[in-house]
Every structure is written in C-alpha cells, then in structure tokens.
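Residue numbers (this note's numbering), protein chains in the order written: chain D, 2 to 471; chain Y, 34 to 422. A virtual CB, placed ideally from N, CA and C, is assigned to each residue, including glycine. Values in this document were obtained by computation on a predicted structure and should not be read as measured data. To start, the structure itself, in structure tokens.
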Amino acid sequence: MNFVSFEFAVFLAVVYLLHWSCRHAGTRKLLLTIASYVFYAVWNWRFCFLMLFVTVNAFAAGQMLARATRPSRKAVLAASIGIDLAILGFFKYYDFFLSNVAAALADLGVSASQPVLRIILPVGISFYTFHAVSYVVDVYRGKVEPEPSFVNIALYISFFPQLIAGPIVRASFILPQIRHLRSFSPAQQATGVRLLLRGFIYKAVIADTLAQIADPVFAHVEHYDAHALVTATVAFYGQIYFDFAGYSSMAIGTARLFGYRFPPNFNYPYRAASVTEFWRRWHMSLSFWLRDYLYIPLGGNRGGTLFVCRNLMITMLLGGLWHGAGWNYVVWGALHGGGLCANKLWREAGRRLPMSIDVRGGRHIAALVLTQLWVMLAWVFFRCDSAAQATEVFAAILGLRPHPGAVVLPVEGCILAIIGIDHTLGSARLRLSLSARWARALAWSGVGALFALGLAAMPVVQKPFIYFQF
Amino acid sequence: MFRYADDAELQGKEHPERGSGRTRPDLPMSTLACLLLGAAMAGLYHLLPRTRPGRPFRAPLLALGGFILAQCGLSAAIAGLGLVPKGPFHDLLQQLTDYDGDRPVVLLIGSSFSEAGIDPDVLAEALGGSGRAAELQRLAVGGAPHLERLHYLKEYLARAKRRPQLVLLEIAGGYDSGPLYQVHQMRFTDRMVAMMDGSSAWWALRWLAGADGLSLFQRFTLGSEILGQLALHVSHIGFLWNSSPVRETVTTYDSGGSPLPTRFSDDDTAELLEQAAAAGDMKPDWPADVPTQWMSAFLAEEIAILQRHSVERFAFYSVPSMQGANVAYARRFCGAITKFACIIGEDPNLLADLRHGADWYDFDHLQGAAREVFTRWLGDRLVEMGVWP
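What follows is the structure, given as structure tokens:
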C-alpha cells in the first residue's frame, strides 16, 4: 500500500479512529499489530507468515537470552541472527549467488545448470529482519530488557509506518514507548500532520515529477545523448532524495499520529561536505544501524588507518549489497566506502600537517561540490539495472560513445535550485515572523492550501517509493 | 492514488515507450512548471510558522479554509489560463466552437453510433439541398454517456461563436437504459473524472436512486465511484498533468477512414437486418417504460438548457442497427416523443442499401460507403419532415 494512495488514506483514517477510540493500551497495541499485518497482507498475505516467523524467532531469542547462562547466550544470539540472515539471504540473494557461481564456472569452462528459483522478494524483508536483529542484539547487550509481551515485539517489528522501508527503529528506542499507553496530544498530532504534508510534497509533487525526467532515460540509456544522461542523473539525484526523505517524513508523521516518536532519518544530506558527513545525514537509521551492529563489532576505529579503512569498506560493501542483489549496488557501496576512506585519510593527513585543512569558506564549497559530485556519480550505479549499464552511462557522458542519441530539456539548474531551496530554507529553520494570531492562521490555512496545490500538481499515476524494492 | 487511464491506455497502449528513438526534446513544459511549483511549495512549507494547534477544531477549520481557498484559486487560475482536461471531447470542442461563418449551425449530439455512422460533410450537403446551407457540427465521441454529452454540451454552448439553430439528438437503447454503464466501465479515467462535476454527479445519483434491479452492493459501488470521481474533479487531483491550454493544436477526429475488414457476409447481413426489423422486444434488462422517467427528466433538462441558448428546433434520430432490441427501443422512443421529429433508421429502402457485409463494422456501427448512404438518407428525411430548413 503506497502512502500516497486513496487506499492508504482510508486505511489510515479507519485505524486512526479505532486506535484513539480504544482506551486500553493492550487493545490499541493489538489493533495496531493486526492493522500492520493487514497492511502487509494487501501486498501478499502469504508473506505475513514469514514476518510472523521472524517475530517468533526474535521473541524466543529474547526469552532465551533472559534465562540463558553466559556461554549459551552467545549461541542463542548467533542462532537467532543466523536464522534472520538465512531468511534474508535466501529470499534476497539466493538467485544472485547461484547465477554468479554459474557464471564463474562458465568462465572456467565448466557447464553448470542454474537452479534459479526466481524467488519473490518479500517487501520490507530487509527492514523487518534488521528490526529483529536489533532487538536480539540490544537484549544481548543489556540495552533493553527482554520483552515479555509477544504483541509488543510483533508491533515493534511490523508497525506499518516503518514496515516497508524503515526508518530502522532501535528496539531500545521504541519498545519503551510501546510498553506505555500513548496519550493523545494536539501538538503531537499537529507535528504528524505537518510531517505528512512535507512527505506528500516531496514525494507526490517533486519526486514523481523528477521521475518523469529520469525514468524514460534510464529505461533506454542507449537512445540518449550525453547531455540527456547528465540531466537524468541530476534528476535521479533529486528524485531519490525527495522520494526517500518524503517517505521517511510520512512514516514518521504517521507514527506521530498514533503517539509514537521515530528518530529522524534525513538531515539535509546534500549539504554534506564529506562522504562521512553525508552518511550522518542520509538514511541515518541505516547508517547508525550499520555503525552499531556491523562497523563497531568489526573493530570500528580501534586500530590503524588501514584497519579502519578495511572496516569502512566491509561495512559499505555489505551496506550496498543490503540495498539489492546486484553488482551495481556493490559498486555503489564501494564508491561510498572509498569516499569514507578518503575522508578518513584526509583527516589523518590534517593531523600530521603543520597547516590547517579545515574546510571553511571557499574550501568548504569545494568540498561540498566534490562530495556531492561523488554522491551523484555513485547514484548512477544505484539507479542503473546493472553495472554494465552504469558503465555505458559514464562512457556516454565522457564522450566515449559515438551515438548522439535523443535529448531532453536541460533542467539540471532547475533541479539543483529546488534542492538548494529545500536544504537552505529547511536547515536554516527560517519562519515567517508574524503575531501569534496571524501565525496560527497562516500556519494551518497554509497546510490546507499546500495540500490542495499538491493534489493538483501531483502526477496522477503515483510511482511506488524507491526504497519499497529493498 | 486513484489511477487515471489516459487515451493511449484506453486504446490498449498502456505503457508507451518514451524516449526511444526520439530526436527532439520529449519533456513537456508542464514537467518544468510542476517542478517550479513543487519548489515553491517546499519553500513555503519550510517558511510556514510552527504553532500549536490552539483551541480544539481551530487548526482543522483553518486547514479546511486554506484548502477551500486554494481550490477556488486553482479554479480561477485554470479558467484564467484556459486549461482544459486532455481528451477527445476537448479537442473536438476546440474544432467546433471555432466556427464563425455565415451558415447556420446544426449540432448533432451522440456516441460512437453517430461518430461512425454520420458524415458531417455529407449531411451538410444533403441539408443544403433544401436551399439553405448548413454548417454541420458533430459532437459525438465513442462511449460517451449522456452525462458526458451534457457536460460538454454546456461547454460548447458557453464557447461557441455561433449558436446552433437545430440540435439532433441520438437515440440508443443501451445508453438510455443504463446511463451509468459506460461511466462504470471507464471509472476513474481522465474522461470520467473530467465530466463528473456537481451536475453530472447529481444526475448520476438521481438515476441510481430510482433504478430498478440493482443490488445494494451495486448501488454502493456505483455511488462510491460517482462520489470518488466527483471528489477528484472538484479537488483538481492531477489536473496540471492532465490538462492542456485550450488553444493548443488539436487532432482532427474523423472515423470515416479506411473501412475495417468485412466481418459479415452479405447474406448474414440481410438476414440480421430482416430479423431486426421484425423484432419487437427490447433487451430483458432494459426498463419497459420508454423513455424512463429519468431519461425524460434528463432530456427535458438538456432541451431547456439549449432553449436558454436560443435553440428552438430539435429532432431525434437512431442509427441503423442489426440488433432488434435497438430498433425496438427506437420505435418505442419515437412513439413516446410527440413534440419533436423522431427519425428511425429502419426505412426498407435504406436497409436495402445497407445489406452488404462491408457496410458494417459490427452490429451497430456503420462504416465505409454505408455512412454516406445513411447520412444522405437522414438529411433527406430532415428536409422532408420540415425540420430543416
């Protein structure tokens, strides 16, 4: 169910009314859990059982960790995470792995039949398995008490605002909220509505319009000239931000309507002047998850520069692979890993040099441009169907492909200006200064007016959120 | 969101490949306009003051007020910019309303039966034989239910440089008996959303309330569809994407091109026409009273609107059909209409000229030379009966 759909509007309205008309915390939680499974079943009801299995696995592991002695705790942890990763691996990477093995054998002259299963990728599997892992690891580390209520765990893993594409909310962050009765607060509702509106503008108006530019070009890169490919790349650079930030804003806003607070997922990432800063601002719930559950266990910063770079590369390669079973995602992860390592080395060099290499003023702008160029080029691998297609895009952009191809209107400047307006006004927290009475009138009538304008300006056939495929 | 189908989709080309092999910019300026609007909206969102909701219901009321104000502003802007929903009717309207000549206008309102079966030039020529030349305008689009025809008739009357002097209205049992059938078939398409204004919704709901033989579920489904489309129409959802300036280049609609391959043998056609002429029964699911109470009221409204625009002469006609039910319906309809001329395409001489399989696209639609035969016959009848001049 797409957040920007009539079905979701009806679903949300019904669940909202039922939720706040229930007085008991237990009833509300049960209602939200059932609603979340219904939300998931609309896509494919069969995979509800898979999500239920992942939930039972996490719940059982939590209970066992509560009772287990020290040596067996590790075994419980390993078994639970192993089951989650096996599920994720089977559904997401089985076909990818086998086709690559077959290709490698074919290169060696060994003919092997490919038992490719063409497995359907369950929507949101990457997210709910990470939620399950987060709970088990947090219990193991003692950051959260083992949850005695199965419904609480089921709600944590399946809660529909974050079920399909995150944000990846930590068990230690959300379980305490789930345990207590949520109270209805007008201020909280107001924030929820504003976040929903923001997500709606980002997704329905801007991202889906940018998709009209990027999608046709990336669907047939061989037909377009270098300039068209640059335009499409810039369009996708904007599209993925407005799409995913829009989704996140709607997810956080929806949760807020039910009284739950999610951590922010985006903080104007295209203001970042280094890849390190980019990952502190982009898909923050994933980058912090990878940091805490992968990078730090690998050794983190504890070691020499090469050791740290190794950890960064492993984390980002796996992070890339997490997004999708394809070499293009691995390359995308590698580019970001490389960017993180370069930044690490730059900072290391700065400590040894007698002069300051702080990025301020002109140097800040240069770092910003360089970083964003790097991010933008990496998105080409993310957007293309394969690494080969991405290579073709770069070949065309660099003039290595003779075919001139078709052109599209050059709107790069316009797209970058939109991003600039959003990032500048959003992060500066500039507000129209008015008397309290007029401010309230403008604030709320503005919400209504923007919603009306958004409806008129949105393309009528809405595209699914990009991150729904992960 | 509600999914609209565009014309390409309705014709079975749901996923036209964009960009392949094109050598000119294929990004419409509306994309750029929507991007700029999106940027303005994002900027405004960030600048809006953040305040607490205050007294209960104040914030929702203010938001509703803002929504309504913006909708009014949008309506004004749409009217000011001359934007109209994309689709066959608007292209056709643009052609028809531009006429500013001296010949008196004869307007023909109908569906694909008229679109396929009547050649405007031939009809104008036939009417001109009376000594008074006519400008024939055919406001007929395939699959157009009565609600859609009335909606665009109003637009036509508002924009036409020359008002019609005679209006010819098509009779068709299927459209008259089930006015919401096509609305349901094309639910949530550009066309249906564009025509579902308050008046169309009122007539649709009125039919729904009085229709016999519908289950509660069917009434609920159809009612929801009508209200949903009304909401889409009123709230202008996706309007900027599905509209174009009224003065943009138009497509010429003429279905009188090359006839499609013959489907019927001459013998079969002759037999079917004979059976149709002999038939006395309508389809079992059509109401027995012809025209229905709803249809009578609807026609009275349509005629009253035309009369308010100084139209004084009207006539009804039916296109020849190989289906007995259609012929039987037309007979009953004409039997009930006493105030205006009513012409049924069942003259034996006419049918004798239409006994070739190549004359028919299907049981109800003429093609090729047949459309000229019927059109000329219709023109002669209108002159004979004194409808024209």
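Check, Outcome
"Partner residues on chain Y for D:Phe240, Cβ-Cβ distance less than 8 Å", "Note that residue 240 of chain D is Gln in the sequence shown here, rather than Phe. The contacting residues do not exist; D:Gln240 stays about 11 Å from chain Y at best."
"CA-to-CA distance, D:Ala273 to D:Phe54, given in whole angstroms", "40 Å"
"Distance between D:His284 and D:Tyr248 (C-alpha atoms, nearest Å)", "11 Å"
"Opening and closing residue of the alpha helix (DSSP H) in which Y:Ala402 lies", "402-417"
"Separation of D:Leu295 from D:Leu156, as counted between CA atoms", "25 Å"
"Distance, Y:Ala191 Cα to Y:Ala109 Cα", "16 Å"
"Beta carbon proximity, D:Val376 to chain Y, threshold 9 Å", "no"
"Rounded C-alpha distance that separates D:Trp439 from D:Asp423", "24 Å"
"Residue nearest to D:Ile416 in terms of C-alpha spacing, selected from D:Leu19, D:Ala208, D:Leu66", "D:Ala208"
"Under 8 Å from the C-beta of D:Ile23: neighbouring residues of chain Y", "Going by the sequence as given, residue 23 of chain D is Cys instead of Ile. What D:Cys23 touches in chain Y: nothing, since even the nearest Cβ is about 20 Å away."
"Within chain D, the residues that Y:Ala75 reaches when beta carbons sit closer than 9 Å", "Arg199, Ile202, Tyr203, Val206, Ile207, Phe243, Ile419, Ile422, Asp423, Leu426, Gly427"
"Beta carbon proximity, Y:Leu97 to chain D, threshold 9 Å", "yes"
"D:Asn153 classed as buried or exposed, judged by whether at least 16 other C-beta atoms fall within 10 angstroms", "buried"
"Three-state secondary structure (DSSP) of Y:Gln356", "coil"
"For D:His221, the nearest candidate out of D:Asp386, D:Gly63, D:Trp280 (CA to CA)", "D:Asp386"
"Within chain Y, partners of D:Ser184 - CB distance below 9 Å", "Under the 9 Å cutoff, chain Y gives no residues; its nearest Cβ is about 15 Å from D:Ser184."
"Neighbouring residues, chain D, relative to Y:Leu70 (Cβ below 8 Å)", "Val206, Leu454, Ala458"
"Distance CB(D:Val137)-CB(D:Asp85) smaller than 9 Å", "yes"
"Proximity to Y:Asp230 [Cα-Cα], best of Y:Gln218, Y:Pro324, Y:Lys187", "Y:Lys187"
"Buried/exposed call for Y:Ala361, threshold 16 Cβ in 10 Å", "buried"
"C-alpha distance - Y:Gly99 paired with D:Pro123, whole-angstrom precision", "41 Å"
"Selected residue, minimal CA-CA separation from Y:Ala312, among Y:Leu255, Y:Gly113, Y:Leu202, Y:Gln356", "Y:Gln356"
"Cutoff 9 Å: D:Ala437 Cβ touching any chain Y Cβ", "yes"
"D:Val448 versus D:Ile398: straight-line alpha-carbon distance, rounded", "42 Å"
"Y:Phe272, DSSP secondary structure in three states", "coil"
"Same chain only: Cβ atoms within 8 Å of Y:Leu107, ignoring 5 sequence neighbours per side", "His269, Phe272"
"Residue from Y:Val139, Y:Gly246, Y:His184, Y:Glu307 whose Cα sits closest to the Cα of Y:Pro381", "Y:Glu307"
"Short-range partners of chain D found in the stretch 80-92 of chain Y, where Cβ spacing is below 9 Å", "Leu80, Leu81, Pro82, Arg83, Thr84, Arg85, Pro86, Gly87, Pro89, Arg91, Ala92"
"First and last residue of the uninterrupted alpha helix (DSSP H) at Y:Gly143", "Element bounds for Y:Gly143: not the alpha helix (DSSP H) but the beta strand (DSSP E), 138-143."
"Cut-off 8 Å between Cβ atoms - residues of its own chain near D:Arg195, not counting five sequence neighbours on either side", "Gly254, Val448"
"Proximity winner among Y:Gly120, Y:Leu69, Y:Leu415, Y:Leu114, relative to Y:Tyr185 (alpha-carbon distances)", "Y:Gly120"
"Bridge-paired residues (DSSP) for Y:Ala374", "Y:Ala348"
"Candidates Y:Glu168, Y:Asp154, Y:Leu141, of which the one nearest Y:Arg182 by Cα", "Y:Leu141"
"Reduced DSSP category for D:Pro177 - H, G, I as helix; E, B as strand; rest coil", "helix"
"Of the listed residues Y:Pro212, Y:Ile101, Y:Val267, Y:Glu334, nearest to Y:Leu238 (C-alpha basis)", "Y:Pro212"
"Beta carbon of D:Ile202 nearer than 9 Å to that of D:Ala236", "no"
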